[in-house]
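Just so you know, the sequence shown maps onto residues 24 to 245 in this note's numbering. Reading through the structure tokens given below for one structure.
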Amino acid sequence: MKKIVIILGLIGLLLPFGCKNQNNTDMKNSEPLKEVSGRKNFGPDHALVTTPQPCVMIATWDKDHNPDVMMAAWAGQYDYKKIVVSLSKHKTTENLELTGAFTVSFADVRTVAESDYFGLVSGYKVPDKVARVGFTVTPSPNVDAPIINEYPLTLECKVVSWGDGILVGEVVNQSASESILTDGKIDLAKLQPIVFDAAGMCYRAIGEVVGGAWNAGKKFTE
Numbered sequence: 024m025k026k027i028v029i030i031l032g033l034i035g036l037l038l039p040f041g042c043k044n045q046n047n048t049d050m051k052n053s054e055p056l057k058e059v060s061g062r063k064n065f066g067p068d069h070a071l072v073t074t075p076q077p078c079v080m081i082a083t084w085d086k087d088h089n090p091d092v093m094m095a096a097w098a099g100q101y102d103y104k105k106i107v108v109s110l111s112k113h114k115t116t117e118n119l120e121l122t123g124a125f126t127v128s129f130a131d132v133r134t135v136a137e138s139d140y141f142g143l144v145s146g147y148k149v150p151d152k153v154a155r156v157g158f159t160v161t162p163s164p165n166v167d168a169p170i171i172n173e174y175p176l177t178l179e180c181k182v183v184s185w186g187d188g189i190l191v192g193e194v195v196n197q198s199a200s201e202s203i204l205t206d207g208k209i210d211l212a213k214l215q216p217i218v219f220d221a222a223g224m225c226y227r228a229i230g231e232v233v234g235g236a237w238n239a240g241k242k243f244t245e
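Right, here's the structure in full:
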């Protein structure tokens, strides 16, 4: 569970799906920014605000029971069993209102091109986009949403609330392929999730372990 929290805690937007940016208006009416000594200022609206940004895939059924997947972001861990995503109105939100459910998966090094495609193409224009990349689906047994088989880690979620561009979902189950497990636990080294590098406009794989969580800092407590 801790590994899931780490992933979701890093989530940001690959593409700005309509989230309102109030800073532009606020900055026009405020004092000019002061320089920070020894650093370069980028202001509040630069693409690096929350980098790196894990690439989160939201899957839903449409009204004809076709699977739809989008690359989403500006999301994060809302509670121990909840996630929150900022979304504007589009095909996925229409599906959410219809079914009240969705699944969340994570793009990885094996699915870079397919996942990028899901972020580029709207389900309104290409309703069979999942099949076009050769992906297959299994209906979730726990929520009314598709599980994309090619993504080895999936969160099955129920909609808690949706409004004002904010989606809150409750995670009712997490399922993982045996291919990403070590000793029965999810292994990020095997999952190889990717993140979006807003500075370089590219995707990067999560790297090596550099320290133990709730452990590396213990030297300062001794």
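Even for Gly, the Cβ is constructed at its ideal location relative to N, Cα and C.
If you draw a 10 Å sphere on the C-beta of F125, you find 16 or more other C-beta atoms in it, and that means buried. Collapsing the DSSP output to three states places A154 in a helix. Taking C-beta separations shorter than 7 angstroms and ignoring five residues to either side along the sequence, the partners of I217 in its chain run C78, A130, D131, V132, V135, Y226, R227 and A228, following chain order.
Look at N118 here: in three-state DSSP terms it is helix.
In the three-state scheme derived from DSSP, where H, G and I count as helix and E and B as strand, K105 is classed as strand. One thing to note: S138 has its Cβ within 8 angstroms of the Cβ of M80.
CA-to-CA, the gap between A95 and E245 works out to about 42 angstroms. Its Cα nearest to that of G188, the residue E117 stands out among K152, P150, S128 and E117. The segment 202-221 makes no contact with the segment 155-165, as fewer than three CB pairs between them are under 8 angstroms. Exclusion of the five residues before and after N89 leaves P150 as the residues of its chain whose Cβ lies within less than 6 angstroms of its Cβ. Using a Cβ distance threshold of 8 angstroms, V92 and F141 count as a contacting pair. Residue pairing for E179: DSSP places it in a beta bridge opposite T126 and N196.
Judged by DSSP in its simplified three-state form, V144 adopts coil rather than helix or strand. By the neighbour-count criterion, in which 16 or more other beta carbons inside 10 Å mark a residue as buried, A82 falls on the buried side.
Annotation for A212: the continuous alpha helix (DSSP H) segment containing it runs L211 to L214.
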